[in-house]
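> Taken in order, the sequence shown gives residues 183 to 723; the numbers are from my numbering. I have a structure here, written as structure tokens, and I will follow up with some questions on it.
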Amino acid sequence: MAPARPTDPRVAAGVIALAAITLLIGGALAGLLVEGAHDFSGAWAAFDAYLLRVVRFTLWQASLSTLLSVVPALFVARALSRHPRFFGRGSILRLFAVPLALPAIVAALGILALYGRAGYFAGLFSTIGGQGWPGIYGLSGIIVAHVFFNLPLATRLFLEALQTIPADQWRLASQLGMAAPPAFRLIEWPTLRAALPGVAGLVFMLCITSFTIVLTLGGGPAATTLEVGIYQALRFDFDPARAVALTMLQIAVTFIVVLALTRLGANVVGDTNLPVAPRRYLSVNGTETVFNAGLIVLALLFVVGPMAATVAAGLGADLGRLAGEATVRQATFTSAVLAFLSALLSVMLSLALTMARRALALSRRAGARTLLEHATDTGAGFVLVVPPIVIGAGWFLLLRHAGDVFAIAPVMVVTVNAVMAMPFALRAVRPAYDAASERHERLCAQLGISGWARLRLVDWPSLRRPLATAFAFAMALSLGDLGVIALFGSDSVQTLPYLLLARMGSYRTADAAGLALLLGLVCLALVLAADWLGREKARNV
């Protein structure tokens, strides 16, 4: 195959994309360093007992959430694996994917509608406890929300691992008449044990960088994580020194977790595309069938409950009045525009890095990869070390001396959300582009087709559906994000999640429920569209 030309425009596009990512993250770090140097004594003094308590709670809630998400997921995944063909199995797996599409604030509202002080189960809990139900704010609420999101994810990842067991092992076990316990010990557990560190590490990372869940369900200073502490230090206390200390600790903790994930070989994006009817060879007795059915039903009820509560509470709101409010219409329009621009930028950056990586790989004749090639391959991974709230805090501190920091809210929301969606967009775009390049690279080199002409005439037919998949998913992520807009939002720049949080804070729960239903349905529709486009692309390959 002919190598790419040294002046290949794909490499230039990748360099520009890397420069944009570097500017975003580097500017945030510069803001933190400048603020820390300006008030070094204040930043150092911020390392007090309260800060240590916040770090301890951050690690504690992430550890508990991981344990209560991953351990049940092992058994639910095994139950689903043992019963690969039953009515509704495919629907259950698709329902387990729905939490990935729901904005965290929507799920939090559903959990409050179900388990809150005035929730559907409040009367039952009051009867059982013999006194008034205090609600689910605090550590319990945070853990329930994290398990709601991560139990289905971990289940699907473990199930994906079980699908990799060679069919010959199951066939041999069936011929030997192997019962369920030895089959688990000798066949299933080694595979699950190998996947366990990566899945647990991924869930731990998601819990330790959780912002919206802790902000809405934390319930006070006793249940505050590092990211929420950063938000409170800037928006409520306006204590830049403490914000710098918290941010540096957040970066250090996240870096350690991501490094551990990399060593474990974990999939930090959580790809969970599964076949819904794999083959099996072992028979399952009646007792195990009943036990497995109970596990699946309990997990399904736990996942479906908050979603059903969100729908019920939303339908009980005055949706007509909400739709007529100028504030709601403006927030909806702002969310749509910012999400569209964010998704467009995310797809462009992802495509640029993908093209540059491929061009540099073709240009390399032998030896190790160059630094530039390595950067285009892992550039999107930089965002995993620096969470959105950290980037927002850095730019907030950097720009607060230059004028009205809230005036740049649209730019910050678009850029940060675009970069944060890149790991997901790359998973959709990179395989399709590499396959198209494998087919067309030599012909394009011989005909001298490059740049825009190549993208329009050669690559676009193969990339159309993957790009649409990436765009829809990135737009859904941006629509539901609360991290950056929580710092930069104001009465003049409000998105639907920001408005929803404001209505919750002013105890207008009915309005919040209606907005949550609207936001959840839009994000779910976008993710379902992305999933459908991905399946269509796979069938057409």
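Ideal Cβ positions, reconstructed from N, Cα and C, are used throughout, including at glycine. Model, not experiment: these values are computed from the prediction.
1) Give the DSSP-derived three-state secondary structure of Tyr302 in the structure shown.
2) Do Pro281 and Phe239 count as a contact pair if the criterion is CB distance below 8 Å?
3) Helix, strand or coil for Pro316, going by three-state DSSP, please let me know.
4) Taking the alpha-carbon positions, what's the Leu669 to Asp421 distance?
5) Let me know the secondary structure DSSP gives Tyr689 once reduced to three states.
6) If we require 4 or more residues per run, which alpha helix (DSSP H) segments fall completely within the region 590-621?
7) Take Ile478 and list the residues in its own chain whose beta-carbon comes closer than 6 Å to its own, dropping the five residues that flank it on each side.
8) For Val510, which residues in the same chain have their Cβ closer than 6 Å to its Cβ, ignoring the five residues on either side in sequence?
9) For Ala459, I'd like the list of residues in its chain whose CB is within less than 8 Å of its CB, leaving aside the five on either flank, ordered along the chain.
10) Hey, how far is the Cα of Gly400 from the Cα of Gly323?
11) Classify Ala459 as helix, strand or coil using the three-state DSSP reduction.
12) Can you give me the C-alpha to C-alpha distance between Leu608 and Ala557, rounded to a whole angstrom?
13) Kindly indicate the opening and closing residues of the alpha helix (DSSP H) around Asp641.
14) Taking contact to mean at least 3 C-beta pairs separated by less than 8 Å, is the region 516-529 in contact with the region 347-367?
15) Between the alpha carbons of Glu370 and Ala259, how many angstroms are there, rounded?
16) Buried or exposed, going by whether 16 or more other CB atoms sit within 10 Å of the CB of Arg192?
17) Once DSSP output is grouped into helix, strand and coil, what is the label at Asp559?
18) In whole angstroms, what separates the C-alpha of Leu344 from that of Pro648?
19) Are there 16 or more other CB atoms within 10 angstroms of the CB of Ser726, so buried, or fewer, so exposed?
20) According to DSSP, simplified to helix, strand and coil, what is Pro488?
21) Could you spell out where the alpha helix (DSSP H) holding Ala404 opens and where it closes?
22) What would DSSP say about Thr204, mapped onto helix, strand or coil?
23) To the nearest angstrom, how far is the alpha carbon of Leu335 from that of Thr677?
24) Is it buried or exposed, Arg461, if we count other Cβ atoms within 10 angstroms and call 16 or more buried?
25) Going by beta carbon distance, what residues of the same chain come within less than 6 Å of Ala405, once the five residues before and after it are set aside?
26) Contact defined as beta carbons within less than 8 Å: I believe Leu664 pairs with Thr394. What is the distance between those atoms, to the nearest angstrom?
27) Would you call Ser644 buried or exposed, if buried means 16 or more other Cβ atoms sit within 10 Å of its Cβ?
28) Should Ala495 and Met657 be called a contact, given that it needs their Cβ atoms to be closer than 8 Å?
29) Take every Cβ of the region 428-447, pair it with every Cβ of the region 581-601, and state whether three or more of those distances are shorter than 8 Å.
30) Whose CA, out of Leu554, Phe484 and Ala538, lies closest to the CA of Val611?
31) Grab me the residues of Gly317's own chain with a C-beta within less than 7 Å of its C-beta, minus the 5 sequence neighbours each way, in chain order.
If we stick to the structure as given:
1) In this structure, Tyr302 counts as coil in the three-state DSSP scheme.
2) Annotated as distal: Phe239 and Pro281, with beta-carbon spacing of 8 Å or more.
3) Coil.
4) One C-alpha to the other measures close to 14 Å.
5) In the three-state scheme derived from DSSP, where H, G and I count as helix and E and B as strand, Tyr689 is classed as coil.
6) Fully enclosed alpha helix (DSSP H) runs of 4 or longer: 591-602.
7) So the qualifying residues of the chain are Ala261.
8) Around Val510: Leu504.
9) For Ala459, the predicted model reports a pLDDT of 40, less than 50, meaning its position is unreliable and no value from the coordinates is stated.
10) Note on geometry: alpha-carbon atoms of Gly400 and Gly323 lie some 7 Å from one another.
11) Model confidence at Ala459 stands at a pLDDT of 40, short of 50, so the residue's coordinates are unreliable; what they give is reported in the following sentence. In this structure, Ala459 counts as coil in the three-state DSSP scheme.
12) Roughly 14 Å between the two C-alpha positions.
13) No alpha helix (DSSP H) holds Asp641; DSSP gives it neither H nor E.
14) As far as the Cβ criterion goes, the region 516-529 does not touch the region 347-367, which means the pair count is below three.
15) Rounded to whole angstroms, Glu370 and Ala259 show a C-alpha spacing of 11 Å.
16) The residue in question, Arg192, is buried, as its Cβ has 16 or more Cβ neighbours within 10 Å.
17) Reduced to three states, the DSSP call for Asp559 is helix.
18) Distance between the alpha carbons of Leu344 and Pro648: 27 Å.
19) No answer is possible for residue 726: it lies beyond the span of the chain, which begins at 183 and ends at 723.
20) DSSP, reduced to helix, strand and coil, places Pro488 within a helical segment of the structure shown.
21) Taken as a continuous stretch (DSSP letters only), Ala404 belongs to no alpha helix (DSSP H), as it is neither H nor E.
22) Under the three-state reduction of DSSP, Thr204 is assigned to helix.
23) Cα to Cα, the separation comes out at about 27 Å.
24) Unreliable positioning characterises Arg461 in this predicted model, as indicated by a pLDDT of 49, which lies under 50. A coordinate reading is not provided.
25) Close CB contacts of Ala405 within its chain, under the 6 Å cut and outside five residues either way in sequence, are with Gly320 and Leu321 (chain order).
26) Going by Cβ atoms, the distance from Leu664 to Thr394 rounds to 5 Å, so yes, they are a contact pair.
27) Ser644 is classed as buried because its beta carbon has at least 16 other beta carbons within 10 Å across all chains shown.
28) Contact flag unset, no.
29) No, the region 428-447 is not in contact with the region 581-601.
30) The candidate whose alpha carbon is nearest that of Val611 is Ala538.
31) Excluding positions up to five away in sequence, the list reads Gly298 and Arg299.
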